Amino acid sequence: MARDYQYDYELRSFEELGEVAAAEQEVREAESRLAKTSLVFSTEDDALRCSSEADLEAVQEQLAEEQRLRREAERAVEEWKAKYDEADRDWTALYDEKSEAYDKLLHLA
């Protein structure tokens, strides 16, 4: 029984050591990334400026795309309106012809 307890304790300790080692590895990787970042950006202001410029560029690209889509939508609406107006004129002309024909038919009867 004591032997099983000792084995469980050692196993847990070994697992905890593995977790500690993994955590230490993550810290080393994070420090490495930070060091690389420090080499690229000599100051925080440079990093913020570059980040802001990249954000601004992305926003400008998105805005340009939205404006293009808006122009396409407006053009499609104008085309639809023109087709609607043409169909309305055609229908009105046809209705007027039918009305005239009906009126003539009534006068003949």
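Counting along the sequence shown from 1, when you hit position 73 you're at 81 in this note's numbering, and nothing is skipped either side. Note that CB positions come from ideal geometry on N, CA and C, so glycine has one too. What you are looking at is a predicted structure, and each value in this text was computed from that prediction instead of being measured.
Item: Helix, strand or coil at LYS106 [DSSP, three-state]; Value: helix
Item: Spatial distance of ALA62 from ALA84 (CA atoms); Value: 33 angstroms
Item: Straight-line Cα distance separating LYS112 from THR100; Value: 18 angstroms
Item: Alpha-carbon spacing of GLN68 relative to ARG76, whole angstroms; Value: 12 angstroms
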